[in-house]
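A.B. asks:
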Amino acid sequence: MINSQLINPGSIVVVGGSEDISKPGGKVLMNIIEGGFSGNLLVINPKSDKVQGIKSYSETVGMPDADLAILAIAAKYCPDVIEELISNNNTKAFIILSAGFGEENKEGEEFEQKIVSLADQAGASLIGPNCIGVLTRSYNGVFTQPVPKLDPGGVDFISGSGATAVFIMESAIPNGVTFSSLFSVGNSSQTGVEDVLKYYDETFDPDKSSKVKLIYIESISKPDLLLKHAASLISKGCRIAAIKAGTSEAGSRAASSHTGALANPDVAVDALFKKAGIIRCYSRQELAAVASVLMHPEPKGRNIAIVTHAGGPAVMMTDALSNGGMNIPHLEGDKAEALLEKLFPGSSVSNPIDFLATGNADQLGHILDACENDFDNIDAVAVIFGSPGLFPVDEVYNVLDSRMRSSGKPIYPVLPSLITAGREVNDFLAKGRLNFPDEVVFAKALIKVVNKTFFAGELFDRPMIDEKKIREIIDHASNGYLSPVENREVLDAAGIERVEEAEATTVDKIVEAAEKIGYPLVMKVVGPVHKSDVGGVVLNVNSKIQLGEEFNRLMKIPDAVAVMLQPMLAGTELFAGAKKEGEFGHLVLCGLGGIFIEVLKDVNVALVPVGEAEATEMIKTLKGYKILEGIRGDKGVNIEKYVDTITRLSRLLEVAPDICELDLNPLLGTSDNIIAVDARIRIEKMSQ
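Whatever position you read off the sequence shown (first residue = 1), add 308 for my numbering.
(1) Taking the alpha helix (DSSP H) that V721 falls in, what are its first and last residues?
(2) Take every Cβ of the region 419–430, pair it with every Cβ of the region 450–465, and state whether three or more of those distances are shorter than 8 Å.
(3) Excluding sequence positions up to five away, which residues of its chain have a Cβ less than 6 Å from the Cβ of Y365?
(4) Who are the Cβ neighbours of A669 in its own chain at under 8 Å, not counting the five residues just before and after it?
(5) Below 6 Å CB to CB, which residues in the same chain sit around A914 once its five sequence neighbours on both sides are set aside?
(6) Nearest by alpha-carbon distance to I523: which of K943, T978, A599 and Q498 is it?
(7) Return the bridge partner residues of H894 from the DSSP annotation.
(8) Does DSSP put M926 in a helix, in a strand, or in coil?
(9) Is L930 closer than 9 Å to C898 when the C-beta atoms are compared?
(10) Whose C-alpha, out of T814, L393 and F883, is nearest the C-alpha of L288?
(11) Locate the beta strand (DSSP E) running through N912, then write down its first and last residues.
(12) From A558 to A987, what distance separates their C-alpha atoms?
(13) Using a Cβ-Cβ cut-off of 8 Å (strictly less than) and excluding sequence neighbours within five positions of S979, which residues of its own chain qualify?
(14) Between which residues of its own chain and P828 is the CB-CB distance below 7 Å, once the five residues before and five after are set aside?
(15) Are A690 and I614 closer than 9 Å when you measure CB to CB?
(16) For a test of the three-state rule: what should DSSP assign to I466, helix, strand or coil?
(17) Please classify R445: does DSSP put it in a helix, a strand, or coil?
(18) Decide if the region 765–783 is in contact with the region 960–967; the criterion is three or more beta carbon pairs, one per stretch, under 8 Å apart.
(19) Relative to the C-alpha of D910, which residue among G932, E857, A678 and V916 is closest?
(20) Count the other CB atoms within 10 Å of the CB of H566; is the residue buried (16 or more) or exposed (fewer)?
(21) Whose CA, out of I340, A802 and K414, lies closest to the CA of K384?
(22) Between G632 and K752, how many whole angstroms is the CB-CB distance? I'm expecting something under 8 Å.
(23) If you compare alpha carbons, which of D642, M624, A646 and K643 is closest to I636?
(24) Kindly indicate which three-state DSSP category A562 falls into: helix, strand or coil?
(25) Going along the chain, which residues of its own chain have a beta-carbon closer than 7 Å to the beta-carbon of V501, five neighbours each way excluded?
(26) When you compare the region 474–487 with the region 448–456, are there three or more beta-carbon pairs, one atom per stretch, that lie closer than 8 Å?
(27) From V323 to V389, what does the alpha carbon distance come to, in whole angstroms?
(28) Using 9 Å as the threshold, is the C-beta distance between S406 and N438 below it?
(29) Whose C-alpha, out of T626, K536 and R713, is nearest the C-alpha of F763?
(30) Where does the unbroken alpha helix (DSSP H) through T626 begin, and where does it stop?
(31) Determine the DSSP secondary structure at C546, reduced to helix, strand or coil.
(32) Count the C-beta pairs between the region 717–737 and the region 653–671 that are closer than 8 Å, then say yes if the count reaches three, no if not.
(33) Below 9 Å between beta carbons: does that hold for L698 and N483?
(34) Can you round the beta-carbon distance between A688 and D662 to whole angstroms, since I take them to be within the 8 Å contact cut?
(35) Measure the beta-carbon distance from I587 to K760 and round it to whole angstroms, keeping in mind my assumption that it falls under 8 Å.
(36) For the alpha helix (DSSP H) containing Y950, list its first residue and its last residue.
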């Protein structure tokens, strides 16, 4: 929990404060003093009456009340001190910088459980332990550097790692990124990243609160809370970027289905971020660059003008933007010619707009005015302007600053000369501006921002399915894979179209079923999980003789209990599936089917519930989408039917959360329909 005593304390006591600023207790005290904390500042240090000029007490008894206590003492002493502060000094907020708790050993875990229990019983806020602290506009409660001057218009930053928080600030501050607050939650024993985001959401003021949030998180323990409050903040006009570390496949579990192999905790993180509208980053530099983009107005489209006096960086930026789906539209016509006349001979305005190494401030002004007023096919402008050191570039940067203040289109400054024009760049940043030193890093950050999704706020009607029938089937089934008959009943109840099927355990019955369905046929062994791997699938069965021979062979396969018949159909092989992924809930997957799912892994994922808009986005962003549209005269597949299948699958999972894995592979798609050819459903009831 987060309370007012943590955010805006009237009094702070530093337990373990010292004169030695190379230690956390000394450094955090120094930072609070230098930050100009206006309340009553106290120290507990039994060895001194004054520490850094602040009155020190040997114990809590006799000390004035303190709203907030910052502890920089050994872990074993923390529970007793916290209990005393609660009892003797009415303390309602704690920041524990100390390590040596649950992250270290069993004894430390017991200390940690004790301090959480004490804080909870007292209704107190607890940050940490094992963190660098908190920065609010009231006090500098961290023991590290840098300590940025906080700006109401800066970013709010939550980090699960103290050291990483420092390094991210080190990456962002030189580019001009400012901060409004910082929470380093450490072990998150009471208050985690999700809880801080909840606080930001519940206290959001559109006129005063920061509209950009940055997150570094290593473990998402409350995905529902993160999704709810991230989506709420974004719906209020905020933008959020995050690094989720710990994504290697080493931690992924073995799975018995295609879906299980493709869906893992990191895929679930991706799905959650996409639904919530969180922009996922993978490095400190990338997060800093995305934060810088987010601090600018968002472009209304994908058309970018690149303004440069250096050809190479413009070419690299053009490549990066184009590869990411952005457009660098060609500029031509009378207005383009009029602009060209205002530039030196040899300049180009076709886009990139190159006004040469000799280009000056006035010419940059003409270019930016034209991009603002004359070219309707431009949504944003990137300006690359460095210096070879021949003359100062203050005038150019002043024009850039002026136009950024007045332009209705975002202008992104790419100023690479951090040494040669270091003074001018610093003066530019001092005006409240940001810089992108690298044109490709900027381009990739812009692409991430423009390509972000947001479906958590989507309102949609669920498809009608037979909920009663589905529950009846699931409730009567045992844990494990449903039988083929049960699979068919579930799909029928969900309104997911499937191929006609028949099962048989004798030659006579298989012949009878074949005559009813009609040749050509597909034969599949019933029993083994992976039919293809054991030779359990036969295509194009065209005669009674072949039918009998293959039946006898299939029934000899280990674990075979029957043989299934289906009509031999044609179409594009698709895939849809689902998996329950811990606290994240159910994931729905779609992509190309058959063997292609194993080879290409061209799959998109979404968290349930999935509506039509999100299902459509899942399909249209597949790498193989052009195949689904139809190529070389092929009519393609019915996208609306594919969308309907995905949304019905999502609804099925809401009705039957007992389903832990589900494969529809392949689905056969034609221009008329989408039909499930093979289904595998595994259930796992919580009560069993």
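Don't be surprised by glycine CBs; every beta carbon is placed ideally from N, CA and C.
C.D. replies: Let's see:
(1) Per the sequence presented here, residue 721 reads as Pro, with Val not at that position. Looking at the DSSP string, P721 is not in any alpha helix (DSSP H); the run it does join, the beta strand (DSSP E), is I719 to V722.
(2) The region 419–430 makes no contact with the region 450–465, as fewer than three CB pairs between them are under 8 Å.
(3) I352 and M371
(4) E703, V704, N706 and V707
(5) A579, V896, E922 and M926
(6) A599
(7) For H894, DSSP records a beta bridge to K888.
(8) helix
(9) yes
(10) Outside the modelled stretch of the chain, which goes from 309 to 996, sits residue 288, for which no answer is possible.
(11) V911 to L915
(12) Here A558 scores only 45 on pLDDT, less than 50, and its place in the model is too uncertain to base an answer on.
(13) G938, K943, G944, V945 and N946
(14) N848, V849, N850 and M876.
(15) yes
(16) strand
(17) coil
(18) yes
(19) G932
(20) Low confidence applies to H566: its pLDDT is 42, below 50, so where it sits in the model is not reliable, and the reading given next is rough at best. Buried, because 16 or more other Cβ atoms sit within 10 Å of the Cβ of H566.
(21) K414
(22) 7 Å
(23) Closest by alpha carbon: M624.
(24) Confidence is the limiting factor: at A562 the pLDDT is only 35, short of 50, which leaves the residue's position unreliable, though a coordinate-based value still follows. Coil.
(25) The residues I466, G468, V493, I523 and I525, in chain order, have a CB closer than 7 Å to that of V501 in the same chain once the five nearest residues on each side in sequence are set aside.
(26) Flag = yes, the region 474–487 and the region 448–456 touch.
(27) 9 Å
(28) yes
(29) K536
(30) G619 to N631
(31) coil
(32) no
(33) no
(34) Taking a contact as a CB-CB distance under 8 Å, the pair A688 and D662 does not count as one, their CB atoms being some 18 Å apart.
(35) 5 Å
(36) I947 to V963
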